[in-house]
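Counting from 11, one number per residue, gives the positions in the sequence shown under this note's numbering.
These notes are about the structure you will find just below.
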Amino acid sequence: MARNYTKQLLINYTTTSSNDLSMAAETKLAETNESHLLIIEDDQGRKEFMLSRPLYSIGRRDCDITLVSQFVSRRHATLVRLPRDDKNHSYYYRIVDGDAKGKPSANGLMINGRRIPAHDLKNEDEIVFGPQVRAIYYLLRDTARPIIQTDATEYDITLINPGMAEDIDEDIED
């Protein structure tokens with residue numbers, strides 16, 4: 011059943027979303043000021059991946075995101091980028107157990123302590139692929155405030171004579 015569910019998720023994604031994003035839409039995605047970061051910890055240490063592509067394979071050799079562990083399947087999971095329902099053209103990632111053809115991994119996925127076949131990732135979700143192999147997903151949002159133009163006459167500028175600075179240093183030494 012999990013295999014059919016996974017396969018259906020990916021079929022729905024590939025038939026409706028694979029080429030829907032035009033250049034204009036890609037530009038609008040960049041304007042949302044969101045970044046997607048996946049930090050992996052495995053037998054070789056810690057690696058960071060900035061996510062931007064529509065599809066990633068996760069597993070051992072020849073995957074987009076490689077995990078080094080004997081407990082990881084060849085094609086352990088798939089990350090799929092999906093559009094949000096809002097008007098600002100942002101997106102989120104769904105992680106699905108197994109490969110893009112719907113074949114599940116041997117050990118499955120634990121997300122935030124629960125074994126589930128698929129999950130829409132949220133900020134700080136923890137994904138466990140096996141013993142000592144995990145990832146944490148971060149949704150980074152730019153919280154920059156708008157630039158407010160001010161009149162230069164609002165600022166009072168005081169100039170200090172460099173000769174005065176030496177006098178201050180001499181007073182401190184005494």
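Ideal placement from N, C-alpha and C gives every residue a C-beta, glycine not left out.
By the neighbour-count definition (other C-beta atoms within 10 Å, threshold 16), A87 is a buried residue. Around the beta carbon of I105, 16 or more other beta carbons lie within 10 angstroms, which makes this residue buried. For the 8 Å CB-CB criterion, R91 and P64 form a contact. Close CB contacts of V82 within its chain, under the 7 Å cut and outside five residues either way in sequence, are with G69, R70, F139, G140 and V143 (chain order). Assigned with DSSP and collapsed to three states, S83 falls in coil, not helix or strand. Here L119 is buried: its Cβ has 16 or more other Cβ atoms, across all protein chains shown, within 10 Å. For V78, the closest C-alpha among the options R151, E44 and A145 is that of A145.
Under the criterion of beta carbons closer than 8 Å, Y66 and L89 qualify as touching, at roughly 4 Å.
In the structure shown, G123 falls within a coil segment according to DSSP collapsed to helix, strand and coil. Only residues of its own chain outside the window of five on either side were considered, and among them V78, S79, Q142 and V143 have a CB closer than 8 Å to the CB of D53, listed in chain order.
Ranking D130, H129, P114 and S62 by CA distance to the CA of S45 puts S62 first.
A direct Cα-to-Cα measurement between D107 and L149 gives close to 21 Å. The residues L92, R94, D130 and L131, in chain order, have a CB closer than 7 Å to that of Y102 in the same chain once the five nearest residues on each side in sequence are set aside. In the structure shown, D96 adopts coil according to DSSP, grouped into three states. Using a Cβ distance threshold of 8 Å, I75 and I50 count as a contacting pair.
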